[in-house]
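> Residue numbers (this note's numbering): 1393 to 1537.
Note that beta-carbon positions come from the ideal geometry of N, C-alpha and C, so glycine has one too.
Sharing a structure with you now.
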Amino acid sequence: MSMSTIQRTQSQLRRRGGGRVAAALSGVLLIAALAGCSATGDAAAELPGDFPKAVQMADGTVTAAAKADGAWTASVKLDQDATRQQAIEELTSNGFAIVGESGTHGNDRVYSLASDTYSVRVGVTTVDGNDVLNYTVAKRQTAAE
């Protein structure tokens, strides 16, 4: 719905003496217009260009990604046929070792993995029946640094 449609509706209601109705309807029309512009939660995001290639991402849709303070984060909604275990096995087969695992509640888990170069935390939660993996990746500090 365009802004001109909203403005025409407001003018017509004002001429008819419906000031409060005009204000209420304007709010409803504005919300409807904005809702048509918003993206869904399943919209794909892109990994930062310098996201470490050594960290293999799970098969799925990257729904959020960022880099701040030298660490990268990414959320991946798994494809229907992908599993959290496959995602962890992908990392371990590429040089990462599991250094910790904890269950927070129910089916949720946090895996801590490390290679010589990177530390990775993978938080797994289930949203609407789909596993979502939340990666946090940081370059490891060495004694020489």
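Look at the alpha carbon of Ser-1511 and the alpha carbon of Tyr-1527, and state the distance between them as a whole number of angstroms.
Approximately 10 Å between the Cα atoms of the pair.
> How far does the alpha helix (DSSP H) with Arg-1476 in it extend, from its first residue to its last?
Taken as a continuous stretch (DSSP letters only), the alpha helix (DSSP H) holding Arg-1476 covers 1476 to 1484.
> If I follow the unbroken beta strand (DSSP E) through Ser-1507, where does it start and stop?
Ser-1507 -> no beta strand (DSSP E), and no H or E assigned at all.
> Under the rule that 16 or more other beta-carbon atoms within 10 Å means buried, what is Lys-1469, buried or exposed?
When all chains shown are included, Lys-1469 counts as buried.
> Restricting to Cα atoms, I'd like to know which of Phe-1488, Ile-1490, Thr-1518 and Gly-1492 is closest to Asp-1500.
Cα-wise, what sits closest to Asp-1500 is Thr-1518.
> Any idea if Gly-1462 is buried or exposed, counting beta-carbon neighbours within 10 angstroms, 16 or more meaning buried?
The residue is exposed, with fewer than 16 neighbouring Cβ atoms inside 10 Å.
> Measure the C-alpha to C-alpha separation of Ala-1479 and Val-1514 and round it to an integer number of angstroms.
Looking at the two C-alpha atoms, the distance is approximately 9 Å.
> How big is the Cα-Cα spacing for Met-1449 and Thr-1465?
If you take the alpha carbons of Met-1449 and Thr-1465, they lie about 11 Å apart.
> Under DSSP, the beta strand (DSSP E) around Leu-1439 begins and ends at which residues?
First-last for Leu-1439: undefined, no H or E at that position.
> Using the rule of at least 16 other Cβ atoms within 10 Å of the residue's Cβ for burial, across every protein chain shown, is Arg-1532 buried or exposed?
Burial call: exposed.
> Could you give the DSSP three-state label for Thr-1617: helix, strand or coil?
The structure shown has nothing for residue 1617, since the chain only spans 1393 to 1537.
> Tell me the residue span of the beta strand (DSSP E) that contains Ala-1457.
1452 to 1460 is the span of the beta strand (DSSP E), which, as asked, contains Ala-1457.
> Does the beta-carbon distance from Ala-1474 to Asp-1520 come in below 9 Å?
Against a cut-off of 9 Å, the Cβ pair of Asp-1520 and Ala-1474 comes out as no contact.
> Which residue from Gly-1498, Glu-1482, Asp-1451 and Gly-1492 puts its Cα closest to that of Gln-1472?
Selected option, being the one with the closest Cα: Asp-1451.
> According to DSSP, is Gly-1492 helix, strand or coil?
Here Gly-1492 sits in strand by DSSP.
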